[in-house]
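Enquirer: Just passing along the structure, written as C-alpha cells.
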Amino acid sequence: MATKHKVLEPIHPGEILLEEFLKPMGVSINRLAREIAVPPGRVSAIVNRKRAITADTALRLGRFFGVSPETWMGLQADYDLRVTRRTIGATLEKYVHPHAALSVTGCARRSRPSASTRPTPSRRRALFHSMMSSRTL
Numbered sequence: 163m164a165t166k167h168k169v170l171e172p173i174h175p176g177e178i179l180l181e182e183f184l185k186p187m188g189v190s191i192n193r194l195a196r197e198i199a200v201p202p203g204r205v206s207a208i209v210n211r212k213r214a215i216t217a218d219t220a221l222r223l224g225r226f227f228g229v230s231p232e233t234w235m236g237l238q239a240d241y242d243l244r245v246t247r248r249t250i251g252a253t254l255e256k257y258v259h260p261h262a263a264l265s266v267t268g269c270a271r272r273s274r275p276s277a278s279t280r281p282t283p284s285r286r287r288a289l290f291h292s293m294m295s296s297r298t299l
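This note's numbering puts the first residue of the sequence shown at 163, with every later residue one more than the last.
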C-alpha cells in the first residue's frame with residue numbers, strides 16, 4: 163500500500179518572529195513596532211505572513227533582538243526559494259537544463275546536494291533553536 167507523504171509548508175520568517183521571539187519575550191507587535199521605529203502594520207503583516215522581511219526591517223530586528231540581519235534575510239530568502247521552487251520547480255526541471263562545465267574559466271559544475279544531505283524543516287528549526295540557545299540575550 164503506497165503512502166503519501168505530507169509536504170510541510172515552508173516556514174515564514176514572521177512565524178519565527180512571533181513564536182521564537184515575541185511570544186517567549188512577552189513583546190507585543192505594537193511594542194516591537196515602537197522599539198524598532200516602524201509602523202505596527204508592518205510588523206503585523208510580517209507576523210501574519212502577508213509581508214516579507216526587507217533589508218531595512220532585518221537591520222532593525224537584528225539590532226533589537228541581537229540577531230544578525232543576515233539571519234533574518236537568510237530566513238526570508240530560504241522561505242522565498244522554497245515557495246518559488248514549489249511554484250515553478252517542475253517547469254524549471256523540464257525547460258531549464260544545467261550548462262555543461264565551462265573549461266575556459268576552469269569552473270567545475272557542482273552537483274546539487276541530495277535530498278538526504280539537505281536539512282529537513284524540523285532539523286533547520288532544531289539548528290535555529292540551538293543557535294539561539296547558545297547566544298546570550
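Glycine included, each C-beta is placed from N, C-alpha and C at the ideal position.
Could you check if residue 181 is buried or exposed, using at least 16 other CB atoms within 10 Å of its CB as the buried criterion?
Expert: Your numbering for residue 181 matches position 19 in the sequence shown. When all chains shown are included, residue 181 counts as exposed.
Enquirer: Helix, strand or coil for residue 201, going by three-state DSSP, please let me know.
Expert: Here residue 201 corresponds to residue number 39 of the sequence shown, with the count starting at 1. Of the three classes helix, strand and coil, the one that applies to residue 201 here is coil, per DSSP.
Enquirer: Identify, in the order they occur along the chain, each residue of the same chain with its Cβ nearer than 7 Å to the Cβ of residue 197, setting aside the five sequence neighbours on each side.
Expert: As a first step, residue 197 must be located in the sequence shown, where it is residue number 35. Cβ within range, chain order: 226.
Enquirer: State the DSSP-derived secondary structure class of residue 220, mapped to helix, strand or coil.
Expert: Walking along the sequence shown from the start, residue 220 turns up at place 58. Helix at residue 220.
Enquirer: Return the CA-CA distance between residue 206 and residue 175, expressed in angstroms with no decimal places.
Expert: Mapped onto the sequence shown, residue 206 falls at position 44. Mapped onto the sequence shown, residue 175 falls at position 13. Computed Cα separation, rounded: 12 Å.
Enquirer: Rounding to the nearest angstrom, what Cα-Cα distance links residue 218 and residue 260 in this structure?
Expert: Against the sequence shown, residue 218 aligns to sequence position 56. Against the sequence shown, residue 260 aligns to sequence position 98. If I take the Cα positions, the gap works out to 34 Å.
Enquirer: Assign residue 248 to buried or exposed, taking buried as 16 or more other Cβ atoms, counted over all protein chains shown, within 10 Å of its Cβ.
Expert: Along the sequence shown, read from residue 1 onward, the residue named residue 248 stands at position 86. Under this definition residue 248 is an exposed residue.
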